[in-house]
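Okay, so here's the structure we're looking at.
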Amino acid sequence: MTDPLTPGIAAGRLSAREIAANFVDLHAPLDAHEAQVAADRCYFCYDAPCVTACPTGIDIPLFIRQIATGQPEAAGRTIFDSNILGGMCARVCPTEDLCEGACVREAAEGKPVEIGLLQRHATDALMARQGHPYLRAAATGRRVAVVGAGPAGLACAHRLAMHGHDVTVYEARPKAGGLNEFGIAAYKSVDGFAAREVEWLCGIGGITIETGRALGRDLDLGTLAAEFDAVFLGVGLGGTNPLDVDGAEREGVADAVSFIAELRQAEDLTTLPVGRDVVVIGGGMTAIDAAVQARLLGAETVTIAYRRGRDRMGASRYEQDLAATKGVRILCNVMPVAVHGNGAATEIELEYTEEGEAGLVGTGRTLRLRADQVFRAIGQAIVAPDGLEMDGRKVRVTGAGRTSMAKVWAGGDCTAGQDLTVVAVAEGRDAAEDIHAALTGAAG
Amino acid sequence: MANLETTFAGITSPNPFWLASAPPTDKEYNVRRAFEAGWGGVVWKTLGAEGPPVVNVNGPRYGAIWGADRRLLGLNNIELITDRPLETNLEEMARVKADYPDRALIASIMVPCEEEAWKAILPRVAETNADGIELNFGCPHGMSERGMGSAVGQVPEYIEMVTRWCKKYYDRPVIVKLTPNITDIRKPATAARNGGADAVSLINTINSITSVNLDTMAPEPTIDGKGSHGGYCGPAVKPIALSMVSEIARDPETRGMPISGIGGVTTWRDAAEFLVLGAGNVQVCTAAMTYGFRIVEEMARGLSAWMDDKGHASVADVVGRAVPNVTDWKHLNLNYVTKARIDQEACIQCGRCYAACEDTSHQAIAMKPGRVFEVIDAECVACNLCVNVCPVENCISMVEMEAGSVDPRTGRTVEPAHADWTTHPNNPGALRAAE
Chain A
15 MTDPLTPGIA AGRLSAREIA ANFVDLHAPL DAHEAQVAAD RCYFCYDAPC
65 VTACPTGIDI PLFIRQIATG QPEAAGRTIF DSNILGGMCA RVCPTEDLCE
115 GACVREAAEG KPVEIGLLQR HATDALMARQ GHPYLRAAAT GRRVAVVGAG
165 PAGLACAHRL AMHGHDVTVY EARPKAGGLN EFGIAAYKSV DGFAAREVEW
215 LCGIGGITIE TGRALGRDLD LGTLAAEFDA VFLGVGLGGT NPLDVDGAER
265 EGVADAVSFI AELRQAEDLT TLPVGRDVVV IGGGMTAIDA AVQARLLGAE
315 TVTIAYRRGR DRMGASRYEQ DLAATKGVRI LCNVMPVAVH GNGAATEIEL
365 EYTEEGEAGL VGTGRTLRLR ADQVFRAIGQ AIVAPDGLEM DGRKVRVTGA
415 GRTSMAKVWA GGDCTAGQDL TVVAVAEGRD AAEDIHAALT GAAG
Chain B
994 MANLETTFAG ITSPNPFWLA SAPPTDKEYN VRRAFEAGWG GVVWKTLGAE
1044 GPPVVNVNGP RYGAIWGADR RLLGLNNIEL ITDRPLETNL EEMARVKADY
1094 PDRALIASIM VPCEEEAWKA ILPRVAETNA DGIELNFGCP HGMSERGMGS
1144 AVGQVPEYIE MVTRWCKKYY DRPVIVKLTP NITDIRKPAT AARNGGADAV
1194 SLINTINSIT SVNLDTMAPE PTIDGKGSHG GYCGPAVKPI ALSMVSEIAR
1244 DPETRGMPIS GIGGVTTWRD AAEFLVLGAG NVQVCTAAMT YGFRIVEEMA
1294 RGLSAWMDDK GHASVADVVG RAVPNVTDWK HLNLNYVTKA RIDQEACIQC
1344 GRCYAACEDT SHQAIAMKPG RVFEVIDAEC VACNLCVNVC PVENCISMVE
1394 MEAGSVDPRT GRTVEPAHAD WTTHPNNPGA LRAAE
């Protein structure tokens, strides 16, 4: 084990036991009795606000009632009918901003029904059963290409396969799952859940996943559109925004998303290096996930530096509080101006900001923080596919994900809308229904 | 602090909380623990006739239903009367009574419906110095198949006959315990009074099957794949017991006869409700079986605090206070008009009132943009369902319309005077009377 106070970037700052304890399931699953008690708190609201708040429109009161009446597997089926990645969404959804935020018991007593945990209870129950719960319709002979094996692509592929179409999913990375596999904190998806979920989802049949096939490098959109009956793009945001300050090229400055991906794929977290003093630039979920995990790996100090006020942070209040309880300091209204060091980074210089009529401006007052590792979490950018009209930095779509190119649909983070797993699932699913309608001549 | 000392049918006890004849009172050890915990009285587990005692099943004898978090709401049992020798019970009763002279000790008895059987056992019970006897005419399972328990309680003539025998061969108070498994509780109560009973106690347990095991297709509790109906008790039966107690308290035939209230008494408030509906004391079983004997502390303190708060000096001051307000439907004031009112500040917008009213009642609640729920007075019949299903206490209330105002539902002016069915024009009986 390395001395925890070793300067610079080093692996093994904590013992294997400490690391294992740090990376356990963030929320322990409910057992059957806990689930019954939690389910009993649901009021079975009329036209329930939680359903309205769910991007995939899961019938939440119904599935909770099914748990309460002793049928968690049937509850799981209710969830999967709307959201085939309901298992992952139960783990990663910012429920405090969605279903639980809308729960009338949140309004009444600040203690919503634990919808996320209940959803996990139900989906775990059904997924634990042998076999896949859905059957495919008779084969249609139609072939659809799905580009990107993230939540949008997988949801789209499953729904298409269910309707009897044959689906080929192309994934640039060596493994399917997208951000579920590479982009979220490890303690939200323990025991290889993302990979298990992909395997379970593909259990419907009719889905072939080809990894290591990237659009623009190995695949051409025009060719795909010509060879398949339809194409769905769920390519996400492949690029990251650069940090445009002096010293940004110094050793120790890296992308938060790469750090998270590396961490998620690491066989042994004690071999994963982390700085003693870590600064994360940004204010979204990625910033939180990187900062918290840096702390859990043994960084002595971790600071999130965000350029605007706390209320403007992309990360939910719950996530901010989680970071704080793990010992992450959140510093608001500061922007990076330089990374200092002799070769490798040792310090970051930040300038205080204020929001005026002209927008965000520096005040000229600065501070320096020790930083041997600096993570950029300042947003991701799309690598624009050739031939598609864009809306700013996103692929332009109309209706259920129809792009400017015939036979090509898109959804997920590469299109407008909130960059959330659950939104991606809804968009993938809805595009699949639209593709199905287009291919079979059904109304739509 | 209010005085909880109670005199019931001439029997005094330091408080009105007695343990009912049941498993908790089957032997000296339990009863001593109960008295140490503070119970005012105990009705000893029912004694049978001399001879080989009854036997119980050797599998489960209780079944239950639960609310959320496994809160026990209802219990049923197929246990019979005491399965210990009569002599053992009598010796223990005598010892306990000698050690706790201030507590009420009652012997519950169930022997065959023959005068000789009662004549034989009563002198022996008297020797224990018990304060009185309770005739078990209530148990609905097992013993009833042998012509005892509720088999007697369901035939008023038998009740009267046996009560007479007891008054003849026993000189202390006789309490007749009634079964609720009948159509009109006033009939057995009247029979008991006619037989000379000093008091009645009710309710005994209700015929019940708590649940069915859908894998084995057998009722619970299950004995080797079969089940038999048991006696139901606990919080779930309280409303039935309250109604039956009130019927006896207000019936001209039985009015004034002491009533020992039994059925789901779990808290001081339950006890107070039985008392004001005419019970002179209460008997408790399921609550003790669920939580242990210590609950009597909460009951005694709670009842006392409530009495202090309301200025009631003694239990006797409380008994029957609500009885005058129990009446027949036909006497309810039809000129009393209320409308539901939703407190928008308290409303959490769950919409349960709307679903209940729209789907199952009178379409008298409007759902407006922003999930605002408002009562439509022109449709509201004041049924109270919205109040009952609302998860927020006091969010929806029934507000009385002032006399002189117009009910938008009927278009009629609210009259100040009482008017009920007995005088209503739609009542054929009322019309005849007017002619």
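So the sequences go chain by chain: A and B. In this text, residue positions in the first sequence follow the numbering used here: the first is 15, and each later residue adds one. In this text, residue positions in the second sequence follow the numbering used here: the first is 994, and each later residue adds one. For each residue, glycine too, the CB sits at the ideal point set by N, CA and C. Just so we're clear, the structure is a prediction, and the values are computed from it rather than from any experiment.
Check, Outcome
"Residue 1180 (chain B) (DSSP reduced to helix, strand or coil)", "helix"
"DSSP-derived helix/strand/coil call for residue 1338 (chain B)", "coil"
"For residue 151 (chain A) and residue 458 (chain A), the rounded distance between their alpha carbons", "Reliability of the predicted coordinates at residue 458 (chain A) is poor, the pLDDT of 44 falling under 50, and the value obtained from them is presented with this limitation in mind. Roughly 19 Å between the two C-alpha positions."
"Extent of the continuous beta strand (DSSP E) to which residue 1206 (chain B) belongs", "1204 to 1206"
"Exposure label - residue 1322 (chain B); buried when at least 16 CB within 10 Å", "exposed"
"Option in A:83, A:423 and A:81 with minimal Cα separation from residue 242 (chain A)", "A:423"
"Touch test, the segment 316 to 324 of chain A against the segment 218 to 231 of chain A, Cβ-Cβ under 8 Å, three pairs minimum", "no"
"Proximity of residue 67 (chain A) and residue 132 (chain A) at Cβ, strictly below 7 Å", "no"
"Through-space distance from residue 1157 (chain B) to residue 1163 (chain B), alpha-carbon basis", "10 Å"
"Per-residue burial, residue 1022 (chain B) [other beta carbons within 10 Å of its own, 16 or more giving buried]", "exposed"
"Cβ-based contacts, 7 Å cut-off: residues of the segment 1038 to 1056 of chain B near chain A", "none"
"CB contact below 7 Å: residue 59 (chain A) versus chain B", "yes"
"Three-way DSSP call (helix, strand, coil) for residue 1170 (chain B) in this model", "strand"
"The segment 375 to 384 of chain A contacting the segment 411 to 419 of chain A, beta-carbon criterion three pairs below 8 Å", "no"
"Neighbourhood of residue 175 (chain A) by C-beta, 8 Å cutoff - its chain only, sequence neighbours within 5 removed", "150, 181, 218, 219, 220 and 221"
"Sequence-distant residues of its chain with Cβ nearer than 8 Å to residue 274 (chain A) (five each side left out)", "196, 197, 198, 199, 300, 303, 304 and 307"
"Per DSSP, cross-strand counterpart(s) of residue 109 (chain A)", "The partner list for residue 109 (chain A) (beta bridge, DSSP) is empty, contrary to what the question assumes."
"Contacts that residue 1384 (chain B) makes with chain A (C-beta to C-beta distance below 9 Å)", "57, 118, 119 and 122"
"Reduced DSSP category for residue 1393 (chain B) - H, G, I as helix; E, B as strand; rest coil", "strand"
"Start-end ranges of the beta strand (DSSP E) lying completely within the segment 1187 to 1240 of chain B, minimum 3 residues", "1192 to 1195, 1199 to 1201, 1204 to 1206, 1211 to 1213 and 1223 to 1226"
"Residue 1282 (chain B) Cβ short of 6 Å to the ligand ZN heavy atom set", "Among the components modelled here there is no ligand, and therefore nothing to report on the ligand ZN."
"Touching by the beta-carbon criterion (3+ pairs, under 8 Å), the segment 1174 to 1189 of chain B and the segment 1230 to 1241 of chain B", "yes"
"Near-chain B residues of the segment 43 to 57 of chain A (beta-carbon distance less than 9 Å), N- to C-terminal order", "47, 50, 51, 53, 54, 55 and 57"
"CB contact check: residue 1092 (chain B) to chain A, cutoff 7 Å", "no"
"Proximity to residue 995 (chain B) [Cα-Cα], best of B:1306, B:1375 and B:1354", "B:1306"
"The alpha helix (DSSP H) enclosing residue 1300 (chain B), as first and last residue numbers", "1288 to 1303"
"The segment 1040 to 1053 of chain B contacting the segment 1195 to 1204 of chain B, beta-carbon criterion three pairs below 8 Å", "no"
"Own chain partners of residue 431 (chain A) with C-beta closer than 6 Å, once the 5 adjacent residues on each side are dropped", "437"
"Alpha-carbon spacing of residue 102 (chain A) relative to residue 1404 (chain B), whole angstroms", "58 Å"
"Residue 1420 (chain B), DSSP secondary structure in three states", "coil"
"7 Å Cβ shell around residue 1420 (chain B) - same chain, five flanking residues per side excluded", "1414"
"Element boundaries [beta strand (DSSP E), containing residue 1055 (chain B)]", "1055 to 1059"
"According to DSSP, residues forming a beta bridge with residue 382 (chain A)", "A:363"
"Contacts that residue 1345 (chain B) makes with chain A (C-beta to C-beta distance below 9 Å)", "57, 58, 59 and 60"
"Alpha carbon of residue 1194 (chain B) to alpha carbon of residue 1128 (chain B), nearest angstrom", "9 Å"
"Neighbourhood of residue 5 (chain A) by C-beta, 6 Å cutoff - its chain only, sequence neighbours within 5 removed", "Nothing about residue 5 (chain A) can be read from this structure; chain A reaches only from 15 to 458."
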